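Take 6 as the starting number for the sequence shown in the working numbering and just add one per residue.
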Amino acid sequence: EIPANDLDRAIDFYKKVLGGELQKQDIGGFQMAFLPMDGEGQVGGALCKSDMHIPSAEGAVIYLNGGEDLGQPLSRVNDAGGQVVMPKTKISDEVGYMAFFMDTEGNKVAFHSPK
Numbered sequence: 006e007i008p009a010n011d012l013d014r015a016i017d018f019y020k021k022v023l024g025g026e027l028q029k030q031d032i033g034g035f036q037m038a039f040l041p042m043d044g045e046g047q048v049g050g051a052l053c054k055s056d057m058h059i060p061s062a063e064g065a066v067i068y069l070n071g072g073e074d075l076g077q078p079l080s081r082v083n084d085a086g087g088q089v090v091m092p093k094t095k096i097s098d099e100v101g102y103m104a105f106f107m108d109t110e111g112n113k114v115a116f117h118s119p120k
């Protein structure tokens, strides 16, 4: 779950960066929008707005699937209102690449990809 202060703004940001639609729902007193998934058995995620969800650049970092090459979604971060804080960086030949960005809500989030 990725915290959001302004769920509509966060939805707009992640739609521009990731593509696809985010399904907005109220569940158990939380306002949520589910991130798109590309297949069965994948780990999903959601944007969440509630008193218990506080955006942060500190602590654990959520990694999102950057597709085959995270350079593509990363190239859309700044234009969507976020900020790239660590460019595409090689982890290793076996593990692939990562990059960090700040979203419009103040969360530090990362992408991972094999290329």
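The beta carbon of each residue, even a glycine, is placed where N, CA and C say it ideally should be. Just so it is clear, the structure is predicted and the values come from calculations on it, not from any experiment.
For residue j and residue i, believed in contact at Cβ under 8 Å, the rounded distance
| i | j | result |
| --- | --- | --- |
| residue 66 | residue 100 | About 15 Å; that fails the 8 Å criterion. |
| residue 7 | residue 53 | 7 Å |
| residue 73 | residue 41 | Residue 73 to residue 41, Cβ: 16 Å. No contact. |
Whether residue i touches residue j by CB criterion (9 Å)
| i | j | result |
| --- | --- | --- |
| residue 51 | residue 109 | no |
| residue 35 | residue 57 | yes |
| residue 106 | residue 88 | yes |
| residue 75 | residue 37 | no |
| residue 25 | residue 62 | no |
| residue 78 | residue 71 | yes |
| residue 29 | residue 85 | no |
Assigned secondary structure, residue i (DSSP; H/G/I helix, E/B strand, else coil)
| i | result |
| --- | --- |
| residue 21 | helix |
| residue 119 | coil |
| residue 33 | coil |
| residue 7 | strand |
| residue 85 | coil |
| residue 145 | Residue 145 is absent from the structure shown; the chain starts at 6 and stops at 120. |
| residue 38 | strand |
The beta strand (DSSP E) enclosing residue i, as first and last residue numbers
| i | result |
| --- | --- |
| residue 92 | 88-97 |
| residue 69 | 67-70 |
| residue 52 | 51-54 |
| residue 101 | 101-107 |
Residue i, enclosing alpha helix (DSSP H) - first and last residue
| i | result |
| --- | --- |
| residue 78 | 76-79 |
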